[in-house]
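The numbering of the sequence shown is my numbering, which starts it at 21 and goes up by one.
This report refers to the structure that appears directly beneath it.
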Amino acid sequence: MAKTDIDPDLLENIVNAGFSEDKVTFAVSSNVIKDIYPHAIVSPSANSSELLNISGANITLITGGEITQIGTVTDRMAVINPQDFDSLTLAEKQALAAAGPGDISCVTYALYEYLGENTSVDLTHVQLLQNKTLVNDLVTNKVYQYVGSESKSVDLYTVDYANDSDWQVSHVSPQNFDENPLFHQYYSNYKNQSQFTDASLWNKINIDFTSHLSIADPQTISIENGNTVLVQYNDSVYGLYQYLGDAQNIELSEQDYSDESLWQQITEDCATNDGTVDLSTGTIVANKFFH
Numbered sequence: 021m022a023k024t025d026i027d028p029d030l031l032e033n034i035v036n037a038g039f040s041e042d043k044v045t046f047a048v049s050s051n052v053i054k055d056i057y058p059h060a061i062v063s064p065s066a067n068s069s070e071l072l073n074i075s076g077a078n079i080t081l082i083t084g085g086e087i088t089q090i091g092t093v094t095d096r097m098a099v100i101n102p103q104d105f106d107s108l109t110l111a112e113k114q115a116l117a118a119a120g121p122g123d124i125s126c127v128t129y130a131l132y133e134y135l136g137e138n139t140s141v142d143l144t145h146v147q148l149l150q151n152k153t154l155v156n157d158l159v160t161n162k163v164y165q166y167v168g169s170e171s172k173s174v175d176l177y178t179v180d181y182a183n184d185s186d187w188q189v190s191h192v193s194p195q196n197f198d199e200n201p202l203f204h205q206y207y208s209n210y211k212n213q214s215q216f217t218d219a220s221l222w223n224k225i226n227i228d229f230t231s232h233l234s235i236a237d238p239q240t241i242s243i244e245n246g247n248t249v250l251v252q253y254n255d256s257v258y259g260l261y262q263y264l265g266d267a268q269n270i271e272l273s274e275q276d277y278s279d280e281s282l283w284q285q286i287t288e289d290c291a292t293n294d295g296t297v298d299l300s301t302g303t304i305v306a307n308k309f310f311h
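This is how it looks when you write it as structure tokens:
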């Protein structure tokens, strides 16, 4: 969609509502958003931006010219922090707007190592505390207090606060309300994304180096034992690896990442969209919330 395709008055209203012009011009398919961020709040009927161009039976397609291909094929592209859409380059915005779920090859999420004792925890939903949990409902613009049973976990966005008997209007006004998960105070669009802020329970696994996209591009780095490298050369090798060797200069494109004496791939044991999971010391969790 070109900017000239958007009614100027409509565009102005959308921008005034808090959406940037580029977010409207380069709208990303809700299917793609849910594929990358499963916790994202999107339309219930997530439609792809891709259209069926050819249908029928016994179709023969013949390509001509020097390129001899059907459709548009582009080079691989790495998009860093796609949720920060306004900071992306024009090419990155165009690529995301044109993409369908099948065009996304690999996604890297923030990984956290659990440091606590064995426990069972709901990574997806918010645990409610009777007579303590407060939620500022963005639909009714009222603050509700949870008065239901103990030990209940919910998706705050899906609750009908005005008609659910587990909730009653609080004396706290929306104007004086501050979201603070530590005190069990949330906005109704809160998705439990701040649970990893407790450093006594979670250690974020940092990415120290990131490879180029093409193995044909040389890349020499000075690496130390324990450093991590995000390898992006192709789908078969893609992933985060921890270096187990001695400190030295190495050429990333020449490494054998299947050599377990030098490289240990760090993979998730579970993710935030898995609901209730059993955690033990050393469990690796992928944070798929917006962050």
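The beta-carbon is built from N, C-alpha and C at its ideal position, and this holds for glycine as well.
Contact check, Y258 vs W283, beta carbons under 8 Å: Numbered from 1 along the sequence shown, position 238 holds the residue referred to as residue 258. Numbered from 1 along the sequence shown, position 263 holds the residue referred to as residue 283. No, the pair does not count as a contact, with Cβ atoms beyond the cut-off.
The alpha helix (DSSP H) enclosing H50, as first and last residue numbers: Start at 1 with the first residue of the sequence shown, and residue 50 comes out as number 30. Per the sequence shown, the amino acid found at residue 50 is Ser instead of His. It spans S50 to I56 - the alpha helix (DSSP H) in which S50 sits, taken as one unbroken run.
According to DSSP, residues forming a beta bridge with G259: Here residue 259 corresponds to residue number 239 of the sequence shown, with the count starting at 1. G259 pairs with V251.
4-residue-minimum alpha helix (DSSP H) runs that sit fully inside the segment 120 to 160, ordered along the chain: If we require 4 residues or more, the segment 120 to 160 turns out to have no alpha helix (DSSP H) run fully inside it.
Beta strand (DSSP E) segment containing K113, residue limits: In the sequence shown, counting from the first residue as 1, residue 113 sits at position 93. K113 -> not in any beta strand (DSSP E); alpha helix (DSSP H) instead, spanning L110 to A118.
Start and end residues, beta strand (DSSP E) containing E244: As a working mapping, residue 244 is identified with position 224 in the sequence shown. Counting along the chain, E244 falls outside any beta strand (DSSP E), and DSSP gives it neither H nor E.
Among V62, Q165 and L131, nearest to Q205 - alpha-carbon criterion: The residue you call residue 205 lines up with position 185 of the sequence shown. Nearest of V62, Q165 and L131 to Q205, Cα basis: Q165.
With 16 other Cβ atoms within 10 Å as the buried cut-off, status of A236: Mapped onto the sequence shown, residue 236 falls at position 216. Per the 10 Å Cβ criterion, exposed.
Opening and closing residue of the beta strand (DSSP E) in which D3 lies: In the structure displayed, the chain extends from 21 to 311; residue 3 sits before or after that span and is not available.
Cross-strand partners of T230 (DSSP beta bridge): Working through the sequence shown from its first residue, we reach residue 230 at position 210. In the DSSP output, where bridge partners are listed per residue, T230 has L250.
Complete beta strand (DSSP E) runs within the segment 162 to 233 (minimum length 3 residues, chain order): 162 to 166, 172 to 174, 187 to 189, 205 to 207 and 222 to 225
Range of the contiguous beta strand (DSSP E) that encloses V305: Here residue 305 is taken as the residue at index 285 of the sequence shown, counted from 1. That run of the beta strand (DSSP E) goes I304 to N307.
Terminal residues of the beta strand (DSSP E) in which Q268 lies: Position 248 of the sequence shown, counting from 1, holds the residue named residue 268. Run containing Q268: Q268 to E271, per the beta strand (DSSP E) assignment.
Status (buried if at least 16 other CB within 10 Å, exposed otherwise) for T292: Reading the sequence shown from its first residue, position 272 is the one you call residue 292. T292 is buried by the Cβ-count criterion.
Endpoints, the beta strand (DSSP E) within which Q284 is located: The sequence position of residue 284 within the sequence shown is 264, counting from 1. Note, Q284: beta strand (DSSP E), W283 to I286.
Of the listed residues Y181, F46 and S169, nearest to V155 (C-alpha basis): As a first step, residue 155 is located in the sequence shown; it is residue number 135 there, counting from the start. Looking at the Cα atoms, Y181 is the closest of the given residues.
Proximal residues to E288 (C-beta, below 8 Å), its chain only, five neighbours per side dropped: For the purposes of this step, residue 288 is identified with residue 268 of the sequence shown, where counting begins at 1. Same-chain partners within the cutoff: Y129, L131, I304, V305 and A306.
Residue environment, V163, which counts as buried when at least 16 other CB atoms sit within 10 Å: On the sequence shown, residue 163 is found 143 positions in, with the first residue counted as 1. V163 should be labelled buried.
Bridge partners - A291, DSSP secondary structure assignment: On the sequence shown, position 271 is the one that residue 291 refers to. DSSP lists A306 as partners of A291.
Cβ shell of D298 (< 8 Å), same chain only, five flanking positions each side left out: By 1-based counting over the sequence shown, the position of residue 298 is 278. Take D298, set aside five residues on each side of it, and the residues of its chain with a beta-carbon closer than 8 Å to its own are N138, T139 and S140, in chain order.
Distance between beta carbons of A118 and A47, contact taken as under 8 Å: In the sequence shown, residue 47 corresponds to position 27, counting from 1. In the sequence shown, residue 118 corresponds to position 98, counting from 1. Rounded, the Cβ-Cβ distance is 11 Å, inconsistent with contact.
With 16 other Cβ atoms within 10 Å as the buried cut-off, status of A267: Along the sequence shown, one-based indexing puts residue 267 at 247. Burial call: exposed.
Beta-carbon proximity of S190 to V146, cut-off 8 Å: Locating residue 190 in the sequence shown gives position 170, where the first residue counts as 1. Locating residue 146 in the sequence shown gives position 126, where the first residue counts as 1. Not in contact: S190 and V146 (Cβ atoms no closer than 8 Å).
Sequence-distant residues of the same chain with beta carbon closer than 8 Å to M97, five excluded per side: Within the sequence shown, numbered from 1, the residue matching residue 97 stands at position 77. Excluding positions up to five away in sequence, the list reads A111, E112, A115 and L233.
For T240, the residue or residues it bridges with in DSSP: Taking the first residue of the sequence shown as 1, we reach residue 240 at position 220. For T240, which the question treats as bridged, DSSP gives the partners E271.
Candidates L143, N196, K54 and V167, of which the one nearest N161 by Cα: Residue 161 sits at position 141 when you count from the first residue of the sequence shown. Considering only alpha carbons, the answer is N196.
DSSP state of D279 mapped onto helix, strand, coil: Along the sequence shown, one-based indexing puts residue 279 at 259. DSSP places D279 in coil when its eight states are reduced to three.
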